[in-house]
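S.K.: First, the structure itself, so that you have it in front of you.
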Amino acid sequence: MKALRVFGMCRTAYGKTWGLKPKIMKWIYLMMVRPILLYGSIVWWPRTKLKTCRVALSKLQRVACMAMTGAFRTTPTAAVEIILGIPPLHIAIETEARKALHRLAIAGLWDETRPPSKHTNLASHKDLDLITNMGCDKIPPRFVFDKKFRVSIPSRDDWKRGPKPPDENTLIWYTDGSKMESGTGAGVYSKDTKLSEGMGKLATVFQAETYAIIMCALKNLETAPKKRNIYILSDSQAALKALASVSIESKLVLNATHALNRLGKFNKVTLMWVPGHTGVEGNEMADSLARKGSETTPIGPEPFVPISKSTIHTAFRKYAVTYSRERTSKAFVVYL
């Protein structure tokens with residue numbers, strides 16, 4: 001097998017008692033060897049149902065696991081996999097096939113009305129299907145070149161010198177997002193306005209930061225200001241850089257761009273980074289409002305906003321771990 005040959009090339013770099021550290025060997029296997037097998041798994045994953053294929057895959061993974069741990073020859077493969085936190089290869093391949101199917105569906109390249117073939121007839125999984133069947137925040141790249149707002153990310157030294165005092169024509173807003181055990185929340189603060197909103201447990205901090213900017217833009221649009229200098233300050237460089245990019249792959253970022261463009265049509269809108277938790281009063285107030293929102297249960301079912309790509313990837317990883325434990329628990333018999 002090609003993957004086995006690739007891993008064999010690394011044999012000169014390690015031995016039973018010398019060589020690369022186990023975490024480096026694990027990285028080589030997971031990042032260089034296993035992707036060779038996972039490539040195109042949506043096409044050939046049904047082969048993993050065959051016993052002969054599973055035996056061959058198990059032998060390959062055993063070679064890698066023994067190289068990482070230096071365990072005795074009599075050590076069961078399943079035991080070493082559990083110690084290293086690596087799911088059996090046939091489970092990893094099936095999980096990758098599920099990911100590919102989900103990516104095709106998001107991109108609109110999959111006709112879900114057609115009856116499933118043997119390649120797409122993946123057994124349902126209650127917890128995984130609950131997440132993957134929800135609307136996803138990821139979209140095919142959309143390019144927005146005409147932006148009626150600008151993004152500024154000053155250095156910390158600039159903030160230490162202090163901002164210039166605003167004039168009467170300037171509106172200053174602070175936005176923030178927060179994620180706690182109780183949930184996720186967004187907060188918006190200005191001299192005359194305090195807003196907080198709960199976003200449920202599935203939203204990420206990035207989504208909360210972006211949604212807070214949307215809340216701020218929509219609140220300004222309610223009063224329909226014209227010819228004003230509007231500053232929206234956020235401590236999330238990730239959200240600001242996503243809004244500054246011409247390529248957009250998030251529904252939430254796209255909605256924020258549209259809202260800011262509407263606001264910037266008759267005003268000068270600037271999104272500015274502010275260092276978080278450094279005593280800037282407006283930012284501290286927005287953070288407090290965001291934490292208040294995270295303790296608030298939103299009206300309606302989850303998700304409050306479309307599911308993020310990272311949340312879906314986490315669901316797939318949990319599926320692989322859970323499936324591996326279920327299979328392993330059936331394979332071992334404990335004698336008392």
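Numbering (UniProt numbering), first residue to last: 1 to 336. Cβ atoms here follow ideal geometry from the backbone N, Cα and C, with glycine treated the same way. Quick caveat: nothing in here was measured; it's all calculated off a predicted structure.
1. For H258, is the classification buried or exposed, using 16 other Cβ atoms within 10 angstroms of its Cβ as the cut-off for buried?
2. Would T77 pass as a contact of A320 if the rule is Cβ separation under 8 Å?
3. Between T170 and P225, what straight-line distance do the alpha-carbon atoms span, to the nearest angstrom?
4. Tell me, which residues are paired with V188 by DSSP?
5. Could you tell me which residues DSSP pairs with C136 in its beta bridges?
6. Please check the pair G187 and L195, which I expect to be a contact at CB under 8 Å, by giving their CB distance rounded to whole angstroms.
7. Here's a check: name, in chain order, each residue in its chain whose Cβ is nearer than 6 Å to the Cβ of L37, leaving out the five neighbours to either side.
8. Would you say I213 and T175 are within 8 Å of each other, going by their C-beta atoms?
9. Curious, which full-length beta strand (DSSP E) runs of at least 3 residues does the UniProt domain "RNase H type-1" (167-295) contain?
10. What separation, rounded to the nearest whole angstrom, lies between the Cα atoms of I106 and E302?
11. Take K179 as the anchor and find which of D146, Q237, E222 and E197 has the nearest alpha-carbon.
12. Cα-Cα, which of A239, E181 and K59 is closest to A208?
13. Would a C-beta distance cut-off of 8 Å place A97 and S155 closer than the cut-off?
14. Indicate the three-state DSSP secondary structure (helix, strand or coil) for P22 in the structure shown.
15. Which residues in the same chain as K251 place their Cβ atom closer than 7 Å to its Cβ, once the five residues preceding and following it in sequence are excluded?
16. Please say whether P87 and S324 have beta carbons closer to each other than 8 Å?
17. Please determine, among E284, L263 and I91, the residue with the shortest C-alpha to C-alpha distance to K148.
18. What residue from C53, K23 and M32 has the CA that sits closest to G70's CA?
19. Which residues in the same chain as K268 place their Cβ atom closer than 6 Å to its Cβ, once the five residues preceding and following it in sequence are excluded?
20. Quick check: S310 and L271, are their CB atoms within less than 8 Å of each other?
21. Where does the unbroken alpha helix (DSSP H) through V80 begin, and where does it stop?
22. Bridge partners of R142, per DSSP?
23. Kindly identify the DSSP beta-bridge partner or partners of V151.
24. Is P35 buried or exposed, if buried means 16 or more other CB atoms sit within 10 Å of its CB?
25. Have a look at F7 and K59 and give me their C-alpha separation to the nearest angstrom.
26. Would you report the Cα separation of N220 and Q61, rounded to the nearest angstrom?
27. Does DSSP classify F7 as helix, strand or coil?
28. From K21 to I28, what does the alpha carbon distance come to, in whole angstroms?
29. Would you check whether the ligand MG has a heavy atom nearer than 7 Å to the C-beta of F7?
30. Restricting to Cα atoms, I'd like to know which of G85, M215, V246 and H102 is closest to H313.
31. Alpha carbon to alpha carbon, how far is L218 from E326? Give it in angstroms, no decimals.
32. In or out: V246 buried (at least 16 other Cβ within 10 Å) or exposed?
33. I need the DSSP call for I299, collapsed to helix, strand or coil.
34. Does F316 come out as helix, strand or coil in the three-state DSSP assignment?
35. If you draw a straight line from the alpha carbon of T48 to that of A92, how long is it in whole angstroms?
M.R.: The answer reads as follows:
1. Here residue 258 refers to the residue found at position 258 when the sequence shown is read from its first residue. By the 10 Å Cβ count, H258 comes out exposed.
2. Indexing the sequence shown from 1 puts residue 77 at position 77. Indexing the sequence shown from 1 puts residue 320 at position 320. No, these two residues do not count as a Cβ contact at 8 Å.
3. Within the sequence shown, the letter at position 170 stands for residue 170. Within the sequence shown, the letter at position 225 stands for residue 225. So the alpha carbons of these two residues sit roughly 11 Å apart.
4. Within the sequence shown, residue 188 is the residue found at index 188, counting from 1. According to DSSP, which records beta bridges pairwise, V188 is partnered with T175 and L195.
5. Locating residue 136 in the sequence shown gives position 136, where the first residue counts as 1. Paired residue(s): I307.
6. For the purposes of this step, residue 187 is taken as the residue at position 187 of the sequence shown. For the purposes of this step, residue 195 is taken as the residue at position 195 of the sequence shown. Right, their Cβ atoms sit about 7 Å apart.
7. Locating residue 37 in the sequence shown gives position 37, counting from the first residue. Result list for L37: A3, in chain order.
8. As a position in the sequence shown, residue 213 is number 213, starting the count at 1. As a position in the sequence shown, residue 175 is number 175, starting the count at 1. Yes; because the gap between Cβ atoms is below 8 Å, this pair is in contact.
9. 170-180, 183-190, 193-198, 229-234, 247-250 and 268-273
10. The count along the sequence shown starts at 1 and reaches residue 106 at position 106. The count along the sequence shown starts at 1 and reaches residue 302 at position 302. If you take the alpha carbons of I106 and E302, they lie about 19 Å apart.
11. Within the sequence shown, numbered from 1, the residue matching residue 179 stands at position 179. If we check each option's Cα against that of K179, E197 comes out closest.
12. Along the sequence shown, one-based indexing puts residue 208 at 208. Nearest option by C-alpha distance: A239.
13. Within the sequence shown, residue 97 is the residue found at index 97, counting from 1. Within the sequence shown, residue 155 is the residue found at index 155, counting from 1. Contact: no.
14. As a first step, residue 22 must be located in the sequence shown, where it is residue number 22. P22: helix per DSSP, three-state reduction.
15. The sequence position of residue 251 within the sequence shown is 251, counting from 1. Cβ neighbours of K251 beyond the five flanking positions: D137, I139 and P306.
16. Residue 324 sits at position 324 when you count from the first residue of the sequence shown. Residue 87 sits at position 87 when you count from the first residue of the sequence shown. It is a contact, given that the beta carbons lie within the stated cut-off.
17. Translated into the one-based positions of the sequence shown, residue 148 becomes position 148. The candidate whose alpha carbon is nearest that of K148 is L263.
18. Looking up residue 70 in the sequence shown gives position 70. Checked all of C53, K23 and M32; the closest Cα to G70 is K23.
19. In the sequence shown, residue 268 corresponds to position 268, counting from 1. Answer for K268: N229, listed in chain order.
20. Taking the sequence shown and counting its residues from 1, the one referred to as residue 310 is at position 310. Taking the sequence shown and counting its residues from 1, the one referred to as residue 271 is at position 271. For S310 and L271, no; Cβs fall outside 8 Å.
21. The count along the sequence shown starts at 1 and reaches residue 80 at position 80. Start and end: T77 to L84.
22. Taking the sequence shown and counting its residues from 1, the one referred to as residue 142 is at position 142. For R142, which the question treats as bridged, DSSP gives the partners I248.
23. Translated into the one-based positions of the sequence shown, residue 151 becomes position 151. Its beta-bridge partners are L271.
24. The count along the sequence shown starts at 1 and reaches residue 35 at position 35. So P35 ends up on the exposed side.
25. Taking the first residue of the sequence shown as 1, we reach residue 7 at position 7. Taking the first residue of the sequence shown as 1, we reach residue 59 at position 59. Going from the Cα of F7 to the Cα of K59 covers about 13 Å.
26. If you number the sequence shown from 1, residue 220 lands on position 220. If you number the sequence shown from 1, residue 61 lands on position 61. Straight-line Cα distance between these residues: approximately 57 Å.
27. One-based indexing of the sequence shown puts residue 7 at position 7. Looking at F7 - three-state DSSP - the assignment turns out to be helix.
28. Mapped onto the sequence shown, residue 21 falls at position 21. Mapped onto the sequence shown, residue 28 falls at position 28. Answer to the nearest angstrom: the Cα atoms are 11 Å apart.
29. For the structure depicted, the ligand MG is absent and the ligand set is empty, with no information on it obtainable.
30. For the purposes of this step, residue 313 is taken as residue 313 along the sequence shown, with counting starting at 1. Per the Cα distances, H102.
31. Within the sequence shown, the letter at position 326 stands for residue 326. Within the sequence shown, the letter at position 218 stands for residue 218. Going from the Cα of E326 to the Cα of L218 covers about 48 Å.
32. Taking the first residue of the sequence shown as position 1, residue 246 is located at position 246. Looking at its Cβ environment, which holds fewer than 16 other Cβ atoms inside 10 Å, V246 is exposed.
33. Locating residue 299 in the sequence shown gives position 299, counting from the first residue. Reduced to three states, the DSSP call for I299 is coil.
34. The sequence position of residue 316 within the sequence shown is 316, counting from 1. Helix, per DSSP.
35. The residue given as residue 48 occupies position 48 in the sequence shown. The residue given as residue 92 occupies position 92 in the sequence shown. Cα-Cα distance, rounded: 10 Å.
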